Amino acid sequence: MLNTRVYVDRRAVLKSQFKSGVALFLGNIESPMNYSANTFPFRQDSTFLYYLGLDSAGLAAIVDFDKGTETVFGDDITVEDIVWMGPQTPLAERCREVGVGSVRPSADLETVLADALADHRQVHFLPPYRPENVIKIQHLLGIHAAKAKQYASVDLIRAVAAQRSVKAAEEIEQIEQALEITREMHLTAMRMTRPGLKESDIAGAIEGVALSREVHVAFPVILTVHGETLHNPFHGNLLKEGGMVLNDSGAESKLHYAADITRTFPVTGLFTPQQRTLYQIILDAQEAALQAMKPGKRFLDVHLLACLTLAKGLKEMKLMRGDLDEAVRAGAHALFFQCGLGHMMGLDVHDMEDIGEAYVGYDETVQRNKQFGICYLRMAKALQPGYVMTVEPGLYFIPALIDQWKSENRHAEFINYKEVDHFRQIGGLRVEDDVLVTNDGIRMLGEPIPKTIDEMETAMSGD
Ligand code: GLY
Ligand code: MN
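Laid out in structure tokens, this is it:
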């Protein structure tokens with residue numbers, strides 16, 4: 001875990017923003033795969049990790065804003081548990097390491113909250129995303145499960161989002177540790193890719209890199225010859241000559257900070273002229289976005305700049321036509337780029353998505369646009385120093401979408417459907433890096449990972 005002071009200070013910042021009431025933080029419990037003793041890898045709730053740092057199942061915490069105190073609720077394991085799990089550090093000792101002196105049995109949580117409610121004190125909690133915590137909210141606070149998200153505290157959401165959005169030096173260090181492992185994952189994929197392997201050969205090897213470094217992946221590995229499917233979890237396809245592989249993967253650091261990197265490269269190790277042109281377009285769009293990013297700049301505008309750069313490249317390829325500012329305003333580019341340019345990253349790969357994009361990625365100055373494509377933009381508001389963002393433009397040729405738009409003649413003034421038909425089988429390409437917003441621009445995080453056409457072709461040749 002991080003230094004004791006870090007957790008104490010984080011809670012002090014939170015406490016300074018509330019005059020009264022209590023905040024309830026529910027940790028996660030083990031999640032069974034098929035029966036209770038056979039569990040998925042444990043993942044603690046990220047906000048619980050942020051304020052309490054305790055990475056084990058079955059804990060809760062109350063921060064009392066009137067008294068300025070905090071209490072962790074949890075049970076030490078029994079001798080019987082030790083028989084199966086081995087010796088464990090006592091909870092009180094672990095709590096001391098994160099600066100919490102008050103530890104009570106889990107069973108006390110109910111009474112403490114009942115007393116708070118009886119005294120008409122406000123109990124702030126974040127929107128629960130695991131069913132067991134939805135049920136706990138119902139049980140502990142009497143809020144019907146269907147309403148648990150709705151009754152979450154907007155004040156607490158805002159305070160947590162503001163605090164977690166700005167990353168401190170020790171968090172950047174964690175993200176760069178995750179990126180160091182992620183770099184090894186991506187180099188492994190580039191070096192082993194060749195025709196005749198299956199996606200699963202590479203996906204398994206790169207997840208193995210993370211496991212061998214005593215960490216897990218930050219999200220399920222996307223390793224696919226069908227990069228046009230944005231979040232493709234399937235790994236059963238054969239790698240064939242002439243195709244491309246999209247590798248969107250990242251490790252977590254030991255303290256669960258994420259990395260999220262995408263590279264797209266040819267199965268043979270050499271781009272075809274058409275792939276080369278398309279890849280250069282997404283690289284140019286990423287470069288334009290990176291150059292534009294600085295504090296005060298709305299990420300929505302960075303997204304639109306990337307869309308315009310993609311559209312310019314597509315016009316040169318005769319896939320788009322007409323006035324490109326108008327085309328992007330109308331959303332015509334979304335036939336090829338259907339999603340957002342990026343998202344915040346931190347303890348979650350899509351940082352704080354559980355507490356709500358309306359507070360994390362949007363604010364009173366920028367409302368969500370419902371137009372297809374831009375509606376998926378997870379982050380739109382102005383950047384601030386300390387934000388960590390992914391920047392991930394792509395081009396995706398989705399036959400079903402092309403067919404639909406073509407049948408409706410949608411945006412025909414901007415799209416040359418006759419030419420688009422020649423690209424139906426090309427798949428999808430994305431390039432993604434993680435950056436820190438600084439006082440005057442951005443800093444690329446992590447050691448560079450081969451990214452230009454030359455760099456990737458060299459990495460794949462084994463040189
Ligand atoms: N890398 C997965 C995502 O950004 O959604
Ligand atoms: Mn991403």
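Residue numbers for the sequence shown, in this note's numbering: 1 to 463. C-beta: ideal position from N, C-alpha, C; glycine also. What you are looking at is a predicted structure, and each value in this text was computed from that prediction instead of being measured.
- Between ligand 1 and residue 390, a heavy atom-to-CB distance of less than 7 Å is present.
- Between residue 13 and residue 174, the CB-CB gap reaches or exceeds 8 Å.
- When rounded, the separation of the alpha-carbon atoms in residue 18 and residue 116 is 16 Å.
- Short note on residue 337: C-beta not closer than 7 Å to any heavy atom of ligand 1.
- At the C-beta level, residue 227 and residue 427 come within 8 Å of one another.
- Around the beta carbon of residue 16, a 10 Å sphere encloses fewer than 16 other beta carbons of the protein chains shown; the residue is thus reported as exposed.
- Residue 131 has its alpha-carbon roughly 15 Å from the corresponding atom of residue 36.
- DSSP, reduced to helix, strand and coil, places residue 303 within a helical segment of the structure shown.
- Uninterrupted alpha helix (DSSP H) stretches at least 4 residues long and entirely within the region 304-331 occur at 324-330, given in chain order.
- Ranking 221, 256 and 298 by CA distance to the CA of residue 364 puts 298 first.
- Across the set 438, 31, 34 and 72, the C-alpha of 72 shows the shortest separation from the C-alpha of residue 51.
- Each of 450, 42 and 66 was checked against the Cα of residue 218, and the nearest Cα belongs to 42.
- One residue list follows from the rule of a beta carbon closer than 5 Å to any heavy atom of ligand 1, given in chain order as 248 and 260.
- Comparing C-alpha distances from residue 68 to each of 21, 84, 25 and 88 shows the shortest one belongs to 21.
- At the C-beta level, residue 189 and residue 250 stay beyond 8 Å of one another.
- Residue 244 carries a strand assignment under DSSP once its states are collapsed to helix, strand and coil.
- The beta carbon of residue 343 sits closer than 7 Å to at least one heavy atom of ligand 2.
- Counting along the chain, the unbroken alpha helix (DSSP H) around residue 407 starts and ends at 399-408.
- The three-state secondary structure of residue 238, taken from DSSP, is strand.
- In this structure, the CA atom of residue 447 is about 8 Å from the CA atom of residue 183.
- Residue 35: member of the beta strand (DSSP E) spanning 32-35, first to last residue.
- Judged by their CB atoms, residue 113 and residue 246 are not nearer to each other than the 8 Å cut-off.
- Set against 7 Å, the gap from the CB of residue 432 to the closest heavy atom of ligand 2 is smaller.
- Here DSSP, grouped into helix, strand and coil, assigns residue 144 to coil.
- Rounded to whole angstroms, the gap between the alpha carbons of residue 255 and residue 139 is 31 Å.
- Note that the C-beta distance between residue 192 and residue 202 is below 8 Å.
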